[in-house]
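S.K.: Protein chains in written order, with the working numbering: chain Y, 458 to 710; chain S, 458 to 710.
Every residue gets a Cβ at the ideal spot worked out from N, C-alpha and C, and that includes glycine.
Here it is, the structure in full.
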C-alpha cells in the first residue's frame, strides 16, 4: 500500500481506497468494485464523512433486528471483504449472525479467497461455497445456501444491488442495507436503510451490539416498531442539503 | 464489452463504465481511474445526468477562451483517452488546440498507448512523450512539453487533480476543467470550471466551437469578460439541491 500520512484530512477515505485496490490485486474484489467504491466516496463526502444522526438511528434499529432474529445472516461481497473483514466477523460474533459470501460477479476462486480472508480474520464458519438454494434472479448472484440467506429472517446486505435487495424483501425478510446513496434502489427497497460508510457503520453496530445485548427484549422490540425508514432516508437527504448549504457559505460561492 | 440494451434508463452511464473498465484492460487507464469514474457517476446522478444551464454557460466561455488563445492545449489522461478519444481529437481540430498526454500515474507504456489511441482516432500530432519541461510538482505528473502545456496560455485539463490545476493557474494560465464535483479543489481552483460529464461536455464544446468560430473576435472576448466562475459553481450546487428536492417529493420520503 502507498504510505498515507495519518494527519491527511481525508486519511480514512484514502485508506479505504487503498484497501479496495489491494482487494482487486488479491483477487477478492471485482474490478467493478472500484467504481462502486468511487460512487460511495462522493456520497460520503456529501454527508461530511461522518456518521449522521439518521445513520445512527438506523444502525440502532438494525442491531436490534439482528439480535431478535432467529436466523440472522450477514452477506459478504468482495468490497466488504476488502474493506472490513475483521469488522463483519466481529459483528457476526456480537449478534450471533452467520456469515455468507454472496457475489454479484461470482467466481469460485473469489468465493474461496473471501472465505479464507474471513477465516484469517477470526470467522469460524462461512457459508456460500456450496449454494443449494436459489433466489428468483438471473446470474450467479441468485445462488444462496438453504440454511443461510435462503432461510434467514433478518439479512444484513452491505453494499448490495437493488434487484437482490428487492427480491429478499419480497421473500418476507427484514433486509438491512448499508448504502451511502439515500436515493438508490437499494436504499428505497430495504426495511432498514443505513446511509453510512461501511467501516463506520460496522464499528457503530459492533458497539451498539455490545450495548443492546444487555437490554430487555421488549426494549429491542420497541426500537424496531418505532423505527421509520422513510424518516431515516428523508433525514439523510436533508443532511446532504445542509452540507451543501454550509459549503456554499464557506467557499463564498 | 457486456451488451447493454439501448433503452436502459442509465445506458450512457453504463457504457461509460464499460469504456473505463476496457481502458484498464487495455493498459490505457490506471486502476485508480475506476474509482474516479465512480465518484463522477454519483455527482452526475445528482445533477440528473444532463448538461445543466450552468454547465452550458461555462462550456461557452471555455470554447471562446480556446478559440482566442495563442497556444491552446488539451491535456489528456487515461480516463479521457478511454472515455472519449474521438471527441478530444475533434475538439482539438475545431479549436486549433494541441493535444498533450499527461498522467498522474505515469508510465512510458501508458503514454505510448494513449498516443496510439488518439492517433487511431484521427489525431495528427500528440505531445507528451518527450517532456522537456517541469511544473513545480512532485512525481511524474510534473513532466510537460515546453511547446505544449508549459508554454500554453489556455489549457483544458479534463478530470484533473487539484494540485496540478492550482499550479497551472499560478503560472498565469487560463485553466479550464471538466469535473462533476462543484466543491472539489479542482473546481475551486480553475478559471473556468465545467461541472458536467466528460462526454456530454466535449460534445457540447465541439458544437459550440463550430458555432463560435463564425463570431467576431469581440463577441468571444465579451463571453469571457462577462463570465463569472463563482456564479457557475454556485448554480451547479443549486442544481443538485433542486434535484434532491424533486427526488424527495417523487419518492415520498
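I want to verify the contact list: residues of chain S whose CB lies under 7 Å from the CB of residue 704(Y), in sequence order.
M.R.: The answer, in chain order, is 640.
S.K.: Tell me whether residue 634(S) sits in a helix, a strand or coil according to DSSP, three-state version.
M.R.: strand
S.K.: Below 7 Å on C-beta distance, what does residue 488(Y) contact in chain S?
M.R.: 478, 481 and 491
S.K.: Using CA atoms only, rank isn't needed, just tell me which of 516(S), 491(S) and 524(S) is closest to residue 537(S).
M.R.: 491(S)
S.K.: Do the stretch 564-577 of chain S and the stretch 490-506 of chain S touch if we need at least three Cβ pairs shorter than 8 Å?
M.R.: no
S.K.: So residue 710(Y) contacts chain S; which residues on that side make the cut at Cβ distance below 7 Å?
M.R.: 687, 690, 691 and 694
S.K.: Name the DSSP bridge partner or partners of residue 530(S)?
M.R.: Beta-bridge analysis with DSSP links residue 530(S) to 555(S) and 612(S).
S.K.: Can you pull the chain Y residues whose beta carbon is under 9 Å from the beta carbon of residue 469(S), in chain order?
M.R.: Chain Y residues near residue 469(S): none, gap ~15 Å exceeds 9 Å.
S.K.: Rounded to whole angstroms, what's the CA-CA distance from residue 441(S) to residue 659(S)? Just pull it up for me.
M.R.: A question about residue 441(S) goes unanswered here, because the residues of chain S that appear run from 458 up to 710.
S.K.: Can you give me the Cβ contacts of residue 548(S) inside the same chain, cut-off strictly under 6 Å, excluding the 5 residues immediately before and after it?
M.R.: 659, 662 and 663
S.K.: Per DSSP, residue 680(S) forms a beta bridge with which residues?
M.R.: BP columns for residue 680(S) are empty, so no partner.
S.K.: Are the beta-carbon atoms belonging to residue 634(S) and residue 614(S) less than 8 Å from one another?
M.R.: yes
S.K.: Closest Cβ-Cβ distance between residue 474(S) and chain Y: below 8 Å?
M.R.: Cβ-Cβ to chain Y under 8 Å: yes for residue 474(S).
S.K.: Answer with buried or exposed for residue 502(Y), where buried requires no fewer than 16 other C-beta atoms within 10 angstroms of its C-beta.
M.R.: buried
S.K.: Residue 651(Y) lies in the beta strand (DSSP E); which residues open and close that run?
M.R.: 649-651
S.K.: On a Cα-Cα basis, can you pick out the residue from 655(S), 686(S) and 606(S) that is closest to residue 640(S)?
M.R.: 686(S)
S.K.: Pop quiz: residue 541(S) and residue 643(S) are said to be a contact at Cβ under 8 Å. What is the actual Cβ separation, rounded to whole angstroms?
M.R.: With a Cβ gap of about 18 Å, residue 541(S) and residue 643(S) do not count as contacting.
S.K.: For a test of the three-state rule: what should DSSP assign to residue 458(Y), helix, strand or coil?
M.R.: Because the pLDDT at residue 458(Y) is just 48, under 50, the model does not fix this residue reliably, and the value given afterwards should be weighed accordingly. Residue 458(Y): coil per DSSP, three-state reduction.
S.K.: Does residue 587(S) pass the burial test, meaning 16 or more other C-beta atoms within 10 Å, or should it be called exposed?
M.R.: exposed
S.K.: Could you name the residues of chain Y that residue 593(S) contacts, counting a contact when the two beta carbons are closer than 7 Å?
M.R.: Near residue 593(S) there are no residues of chain Y at all, since even the closest Cβ is about 21 Å away, more than 7 Å.
S.K.: With 8 Å set as the bound, which would you pick, yes or no: does the beta-carbon of residue 498(Y) sit closer than that to a beta-carbon of chain S?
M.R.: yes
S.K.: Report yes or no: do the stretch 505-512 of chain Y and the stretch 505-513 of chain S share at least 3 C-beta pairs separated by less than 8 Å?
M.R.: no
S.K.: Tell me, which residues are paired with residue 590(S) by DSSP?
M.R.: 601(S)
S.K.: Of the choices 546(S), 648(S), 673(S) and 665(S), whose alpha-carbon is the least far from that of residue 688(S)?
M.R.: 648(S)
S.K.: Could you please give the first and the last residue of the uninterrupted alpha helix (DSSP H) stretch that includes residue 596(S)?
M.R.: In the DSSP assignment, residue 596(S) falls outside any alpha helix (DSSP H) and carries neither an H nor an E.
S.K.: Rounded C-beta distance between residue 521(Y) and residue 669(Y)? I'm assuming under 8 Å.
M.R.: 6 Å
S.K.: Grab the span of the alpha helix (DSSP H) containing residue 607(S) for me, first residue to last.
M.R.: It is not in any alpha helix (DSSP H) - residue 607(S) carries neither H nor E in the DSSP assignment.
S.K.: Please check if any C-beta of chain Y sits within less than 8 Å of the C-beta of residue 576(S).
M.R.: No, residue 576(S) does not count as interfacial toward chain Y.
S.K.: Just the Cα atoms here: how many angstroms apart are residue 601(S) and residue 534(Y)?
M.R.: 42 Å
S.K.: According to DSSP, what are the bridge partners of residue 583(Y)?
M.R.: In DSSP, residue 583(Y) forms a bridge with 556(Y).
S.K.: Taking the Cβ atom as the reference point for each residue, do residue 611(Y) and residue 585(Y) lie within a distance shorter than 8 Å?
M.R.: Cβ distance not < 8 Å, so residue 611(Y) and residue 585(Y) don't count as in contact.
S.K.: Find the residues of chain S that neighbour residue 697(Y), judging by a C-beta separation of less than 7 Å, and give them in chain order.
M.R.: When 7 Å is used as the limit between beta carbons, residue 697(Y) is near these residues of chain S: 701, in chain order.
S.K.: With respect to the alpha helix (DSSP H) encompassing residue 539(S), which residues constitute its N-terminal and C-terminal limits?
M.R.: It spans 535-540 - the alpha helix (DSSP H) in which residue 539(S) sits, taken as one unbroken run.
S.K.: Which same chain residues, not among the five before or five after residue 674(Y), have their C-beta less than 8 Å away from its C-beta?
M.R.: 525
S.K.: Quick check on residue 519(S): buried or exposed, where buried means 16 or more other Cβ atoms within 10 Å of its Cβ?
M.R.: Buried.
S.K.: On a CA-only basis, which of 530(S), 695(S), 482(S) and 681(S) is nearest residue 514(S)? Give me that one, please.
M.R.: Proximity to residue 514(S) across 530(S), 695(S), 482(S) and 681(S) peaks at 681(S), based on C-alpha coordinates.
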